[in-house]
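S.K.: Here it is, the structure in full.
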Amino acid sequence: MCEGMIDIVAALFNVSGKELRRPGRTDQSITRVRQIAMYVSHVVLRLSMNEVGHGFGRDRTTVLHACHLIEDMRDDEDFDCLVARTERVALAAFRNRLGL
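Residue numbers (this note's numbering): -18 to 81.
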């Protein structure tokens, strides 16, 4: 499911899926999109932090950090709208897999 989530956020945010998959540090904008994808994968798709970390080529503690950061950033209304849109698209894309 993480591969699909990467493809979804790449399209939504007009960034390269290759950049999102790249190991190591990346540009801040790429990092933020990846953090949103990891957050949605954990919170909406109900994947464990270990599963998300494996799917994104990151450690589970990186996923934990991303989830805390994105949750805090959702206090900003515009940012919250971006995350909510990503959540809606992910739910629609994975509806059958989630049993909804």
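Backbone N, C-alpha and C fix where the C-beta goes; we use that ideal spot for every residue, glycine too.
None of the values given here were measured: they were computed from a predicted structure.
Over what stretch of residues does the alpha helix (DSSP H) that includes leucine 45 continue unbroken?
M.R.: Start and end: 41 to 54.
S.K.: Could you name the residues of the same chain whose beta carbon sits closer than 8 Å to that of valine -4, not counting the 5 residues immediately before and after it, in chain order?
M.R.: Here the set comprises Val(-10), Ser10, Ile11, Val14.
S.K.: Inspect the beta-carbon positions of valine 64 and isoleucine -13 and report whether they are closer than 7 Å.
M.R.: The answer is no: Cβ separation not under 7 Å.
S.K.: What's the gap between the Cα of arginine 76 and the Cα of valine 25?
M.R.: The straight-line gap from Cα to Cα measures roughly 11 Å.
S.K.: Arginine 39 and methionine 30 - do their beta-carbons sit closer together than 7 Å?
M.R.: No, the Cβ-Cβ distance between methionine 30 and arginine 39 is not below 7 Å.
S.K.: In this structure, does DSSP put glycine -2 in helix, strand or coil?
M.R.: If DSSP states are grouped into helix, strand and coil, glycine -2 belongs with the helices.
S.K.: Would you list, in sequence order, the uninterrupted alpha helix (DSSP H) runs of no fewer than 4 residues that lie entirely inside the segment -14 to 39?
M.R.: Listed in chain order, they are -2 to 2, 9 to 24, 30 to 37.
S.K.: Starting from the Cα of glutamate -16, find the closest Cα among Glu68, Gly(-2), Asp57 and give me that residue.
M.R.: Measuring from the Cα of glutamate -16, the nearest candidate turns out to be Gly(-2).
S.K.: Would you report the Cα separation of histidine 49 and phenylalanine 60, rounded to the nearest angstrom?
M.R.: So the two alpha carbons sit approximately 14 Å from each other.
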